[in-house]
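See below for the structure under consideration.
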Amino acid sequence: MQRLRIHYAKRGRLRFTSHRDFSRAFERAVFRARIPMAYSSGFNPHPRISYMGAAPMGSASEAEYVEIALAEVVDAASAHADIDEALPEGLDVIEVVPSAGGSLADLLEGSWWRITLHGPSVEETGDAVSALLSTEEVIVERMTKKGRRSFDARAAIVSLVVSDPPSEMGSCAILDVVLRHGSPSVRPDDVLAALHEISGLSVTAALQQRLAQGPLDHEDGTVGDPLTPDRDAAGQ
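Under my numbering, the first residue of the sequence shown carries the number 448, and numbering increases by one thereafter.
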């Protein structure tokens with residue numbers, strides 16, 4: 448009858464929630480909120496929930512998305528309030544809009560990450576970033592569900608900028624990186640591994656935070672809002 452697209456954040460200690468833990472918490476929340484979910488057919492029906500583009504465990508995020516299918520039409524604002532109240536603090540619903548159709552997953556083309564580093568100075572980090580951006584390919588390794596894989600982390604980097612932190616943060620460096628989604632998806636840890644591979648720089652991320660996830664503007668390298676088409680359709 449209806450599909451709702453939900454934009455939520457993963458904050459504070461809840462950034463250490465695994466995807467499996469989140470899916471359980473979310474399913475319990477929609478049950479407690481009395482959302483009229485649609486279910487799959489068969490002997491073991493499940494609520495029709497599509498999870499996509501989830502941030503790695505340990506990463507904070509202001510741009511997580513999930514889509515749910517409903518058996519009845521509901522008011523999106525009421526669903527927003529009810530689901531947000533049922534979720535634990537730190538898993539916070541930002542927006543709920545009715546789906547305008549199409550594939551939400553296809554709109555999640557890239558992510559903007561902010562990485563707070565402890566260890567090297569801004570100058571040292573800037574030199575490593577320049578070396579990385581001037582290189583066409585940097586192979587890194589990561590353990591995946593299919594075993595250890597080698598892949599090119601440089602190809603996914605759309606932009607990478609280093610900046611000084613706010614004065615209250617003390618001695619650290621801030622990296623803003625836009626990553627193109629692919630398979631395997633390049634993560635902030637892979638960018639740090641690429642910096643180490645190309646320059647020998649030892650870096651430790653104090654915090655990795657996704658600030659945006661959505662369609663990628665290939666001209667200016669920015670990440671857009673994937674819910675804009677749904678919002679426009681709802682306003683018609």
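Using N, Cα and C, we set each Cβ at its ideal position, and we do this for glycine too. Computed from a predicted structure; not experimentally measured.
- Fully enclosed beta strand (DSSP E) runs of no fewer than 3 residues occupy 586–591, 594–599, 604–610, 620–627 of the segment 585–655, in order along the chain.
- Here Asp637 is buried: its Cβ has 16 or more other Cβ atoms, across all protein chains shown, within 10 Å.
- Going by beta carbons, Pro483 and Glu519 fall inside the 7 Å limit.
- Residue environment analysis places Pro545 among the buried positions, since at least 16 neighbouring C-beta atoms fall within 10 angstroms of its C-beta.
- Ranked by Cα distance from Ala533, the options Thr591, Asp667, Arg479 are led by Arg479.
- Sixteen is the threshold: since fewer than 16 other Cβ atoms of the shown chains lie within 10 Å of the Cβ of Thr651, the residue is exposed.
- Considering only Arg601, Ile541, Leu564, His643, the residue with the shortest C-alpha distance to Thr582 is Arg601.
- Under the 8 Å Cβ criterion, the segment 578–592 counts as touching the segment 629–645, having at least three qualifying pairs.
- With fewer than 16 other Cβ atoms from the protein chains shown falling within 10 Å of its own Cβ, Tyr486 counts as exposed.
- Take the alpha-carbon of Gly459 and the one of His665: they are about 32 Å apart.
- Rounded to the nearest whole angstrom, the C-alpha separation of His466 and Val513 is 12 Å.
- In this structure, the alpha-carbon of Ser508 lies about 11 Å from that of Ile562.
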